[in-house]
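J.: In the working numbering, the protein residues as written are 219 to 628. The beta-carbon is built from N, C-alpha and C at its ideal position, and this holds for glycine as well.
In structure tokens:
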């Protein structure tokens, strides 16, 4: 069992808790921002590549074709065991979000398909990190990606607050927007969804203050019979079955007149949230926002390219409950912990974070940021080597040289 050194005020206290057994299958949301392998960064997540055991393993098992430390195979050797371990820690209904750019996006997608399963790919989010672009490579690159994978089909991502979705139409129950009740997808039709193909009857003479007309599921004198419209010669269907429509008649569904003199059945959509989009354009997600916030906390620039706090808040909003455990194993400047603390303050949650960082700034930047924003945590140093002889240690869950500092919110 690896040794945990708790960094107390006056002394180092050693602990040997069953970390893997305690957290395996319990982490609801994992976010990591690994090195992008651009060839410019001085990253050390490869177990200090000059380590003799790693050189031997790469040279004899992976096959050495060159000494370039930014080689894709070495980057994958660094990532693969970590992702395998993270997959074990992830809860059955959990999700992992991985920031990356074009340098390793394709390779990362392949190993994630292998580890998490191709069917568990959720999305590849495009995040506009630099609106002016980085002027190199022939096309100024403005974006990077966040790959999203789930542990299983049990994942249910949450809706997010819709900052722009302010209602303009109101009734006695509050605000709403109108959405057509007809399913426009012709793959769903009267042939394979006969239970969704039925008529409404519309009072064409009388409208309410919003210009909407009452409807019925039973024929009424002088009321217009309305089936779903045909599209491409196919009889489309409603999105709701007859029972649900009956329960919402003239409360959440009504008829709206069209310009051609016909009517459509519309739903009063009252949800003030929406599904997250696959492109994040807003300025609060850009790298500049993360840099400015960290400079504000420390009074000077102390970290290159910290992630935006709002990016992590968005991820947590999508993927956590109020009591979730969140893990970031490339903790960097501590943005993930900051987001957990802020979201708990906002919604009264009790989310906990686990941050893992091997670099020397784990104490002076990562932990210090959490202290300065009022966070409380335990600080541990972890043991166990990544390699056992010439092979990856099968007992490893956190390597001493790889992930050797851990911040755990009690």
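Closest by CA to residue 521, which one among 324, 399 and 580?
T.: Here residue 521 corresponds to residue number 303 of the chain shown, with the count starting at 1. Out of 324, 399 and 580, 580 has the C-alpha closest to the C-alpha of residue 521.
J.: Which value, in whole angstroms, describes the spacing of the CA atoms of residue 424 and residue 487?
T.: To locate residue 424, count along the chain shown from 1; it is residue 206. To locate residue 487, count along the chain shown from 1; it is residue 269. If I take the Cα positions, the gap works out to 22 Å.
J.: Taking the C-alpha atoms as reference points, what is the distance between residue 300 and residue 502?
T.: Counted from its first residue, the chain shown places residue 300 at position 82. Counted from its first residue, the chain shown places residue 502 at position 284. Distance between the alpha carbons of residue 300 and residue 502 is about 30 Å.
J.: What is the rounded straight-line gap between the Cα of residue 553 and the Cα of residue 499?
T.: Counting from 1 along the chain shown, the entry for residue 553 is found at position 335. Counting from 1 along the chain shown, the entry for residue 499 is found at position 281. Those two C-alpha atoms are separated by around 20 Å.
J.: In the DSSP assignment, the beta strand (DSSP E) including residue 388 goes from what residue to what residue?
T.: In the chain shown, counting from the first residue as 1, residue 388 sits at position 170. Residues 387-389.
J.: With respect to 8 Å, is the separation between the Cβ of residue 301 and the closest non-hydrogen atom of the ligand FAD below this value?
T.: In the structure on display, the ligand FAD does not appear, and there are no ligands present to speak of.
J.: Hey, out of 293, 519 and 413, whose CA is closest to residue 453's CA?
T.: In the chain shown, residue 453 corresponds to position 235, counting from 1. Closest by alpha carbon: 413.
J.: Check the DSSP bridge columns for residue 518 and list the partner residues they point to.
T.: Sequence index remark: in the chain shown, residue 518 carries index 300 (1-based). According to DSSP, which records beta bridges pairwise, residue 518 is partnered with nothing at all.
J.: Suppose you measure from the CA of residue 354 to the CA of residue 320; what does that come to, to the nearest Å?
T.: Looking up residue 354 in the chain shown gives position 136. Looking up residue 320 in the chain shown gives position 102. If you take the alpha carbons of residue 354 and residue 320, they lie about 13 Å apart.
J.: Is the beta carbon of residue 462 less than 9 Å from the beta carbon of residue 435?
T.: As a first step, residue 462 is located in the chain shown; it is residue number 244 there, counting from the start. As a first step, residue 435 is located in the chain shown; it is residue number 217 there, counting from the start. No, they are not a contact pair.
J.: Closest to residue 371 by C-alpha separation, out of 336, 399 and 469, would be which residue?
T.: Here the question's residue 371 lines up with position 153 in the chain shown. Of 336, 399 and 469, the residue nearest in Cα terms is 336.
J.: For residue 524, which residues in the same chain have their Cβ closer than 7 Å to its Cβ, ignoring the five residues on either side in sequence?
T.: Within the chain shown, the letter at position 306 stands for residue 524. Only 508, 509, 512, 550, 551 and 553 meet the Cβ criterion.
J.: Could you tell me which uninterrupted beta strand (DSSP E) segments, each at least 3 residues in length, are contained entirely in the region 286-373, listed from first to last along the chain?
T.: 308-318, 339-346 and 361-368
J.: At the level of alpha carbons, what is the spacing between residue 432 and residue 343?
T.: Taking the chain shown and counting its residues from 1, the one referred to as residue 432 is at position 214. Taking the chain shown and counting its residues from 1, the one referred to as residue 343 is at position 125. Their Cα atoms are separated by approximately 42 Å.
J.: Going by C-alpha distance, which of 360, 352, 464 and 252 is nearest residue 497?
T.: Here residue 497 refers to the residue found at position 279 of the chain shown. Answer by Cα proximity: 360.
J.: Give a yes or no on whether the C-beta atoms belonging to residue 490 and residue 397 are separated by under 9 Å.
T.: Taking the chain shown and counting its residues from 1, one reaches residue 490 at position 272. Taking the chain shown and counting its residues from 1, one reaches residue 397 at position 179. For residue 490 and residue 397, no; Cβs fall outside 9 Å.
J.: Once DSSP output is grouped into helix, strand and coil, what is the label at residue 284?
T.: Start at 1 with the first residue of the chain shown, and residue 284 comes out as number 66. Note that residue 284 scores a pLDDT of 46, beneath 50, so its modelled location is shaky and nothing firm can be said.
J.: Would you check if there are 3 or more beta carbon pairs closer than 8 Å linking the region 393-407 to the region 372-380?
T.: no
J.: Could you tell me the boundaries of the alpha helix (DSSP H) in which residue 565 lies?
T.: Along the chain shown, read from residue 1 onward, the residue named residue 565 stands at position 347. Counting along the chain, the alpha helix (DSSP H) containing residue 565 begins and ends at 553-565.
J.: Counting only runs that start and end within the region 421-506, where is the beta strand (DSSP E) found for 3 or more residues in a row?
T.: 431-434, 442-444, 471-475 and 481-487
J.: In three-state terms, what does DSSP make of residue 376?
T.: Your numbering for residue 376 matches position 158 in the chain shown. For residue 376, the three-state secondary structure derived from DSSP is coil.
J.: By DSSP, does residue 579 sit in helix, in strand, or in coil?
T.: Here residue 579 corresponds to residue number 361 of the chain shown, with the count starting at 1. Helix, per DSSP.
J.: Per DSSP, which one or two residues make a beta bridge with residue 254?
T.: Looking up residue 254 in the chain shown gives position 36. Residue 254 pairs with nothing; no bridge assigned.
J.: Just to confirm, is the Cβ distance from residue 316 to residue 294 under 9 Å?
T.: Here the question's residue 316 lines up with position 98 in the chain shown. Here the question's residue 294 lines up with position 76 in the chain shown. Cβ distance not < 9 Å, so residue 316 and residue 294 don't count as in contact.
J.: In the DSSP assignment, the beta strand (DSSP E) including residue 397 goes from what residue to what residue?
T.: Against the chain shown, residue 397 aligns to sequence position 179. First-last of the beta strand (DSSP E) with residue 397: 392-398.
J.: Mind checking who residue 418 pairs with in its DSSP beta bridge?
T.: Walking along the chain shown from the start, residue 418 turns up at place 200. In the DSSP output, where bridge partners are listed per residue, residue 418 has 444.
J.: What separation, rounded to the nearest whole angstrom, lies between the Cα atoms of residue 456 and residue 430?
T.: Position 238 of the chain shown holds residue 456. Position 212 of the chain shown holds residue 430. Roughly 18 Å separates the two Cα atoms.
J.: For residue 290, is the classification buried or exposed, using 16 other Cβ atoms within 10 angstroms of its Cβ as the cut-off for buried?
T.: Taking the chain shown and counting its residues from 1, one reaches residue 290 at position 72. So residue 290 ends up on the exposed side.
J.: How about residue 427: is its C-beta nearer than 9 Å to some C-beta of chain E?
T.: Chain labels in this structure do not include chain E; a single protein chain is all it has.
J.: Quick one: what's got a C-beta closer than 7 Å to residue 492's C-beta in the same chain, skipping five residues either side?
T.: Start at 1 with the first residue of the chain shown, and residue 492 comes out as number 274. Taken in chain order, the residues that qualify are 377, 378, 380 and 383.
J.: Start and end of the alpha helix (DSSP H) containing residue 528?
T.: Against the chain shown, residue 528 aligns to sequence position 310. That run of the alpha helix (DSSP H) goes 527-537.
J.: Helix, strand or coil, according to DSSP, for residue 246 in the structure here?
T.: Here residue 246 corresponds to residue number 28 of the chain shown, with the count starting at 1. Residue 246: strand per DSSP, three-state reduction.
J.: For residue 438, which option in 426, 446, 422 and 427 has the closest C-alpha, if you only look at C-alpha atoms?
T.: In the chain shown, the residue the question calls residue 438 occupies position 220. Selected option, being the one with the closest Cα: 422.
J.: When you compare each of 573, 543 and 577 to residue 241 by their alpha carbons, which one comes out closest?
T.: Against the chain shown, residue 241 aligns to sequence position 23. That would be 543, whose Cα lies nearest to the Cα of residue 241.
J.: In chain order, what residues of the same chain lie with their CB nearer than 6 Å to the CB of residue 442, ignoring the 5 residues before and after it?
T.: The residue given as residue 442 occupies position 224 in the chain shown. Around residue 442: 420 and 422.
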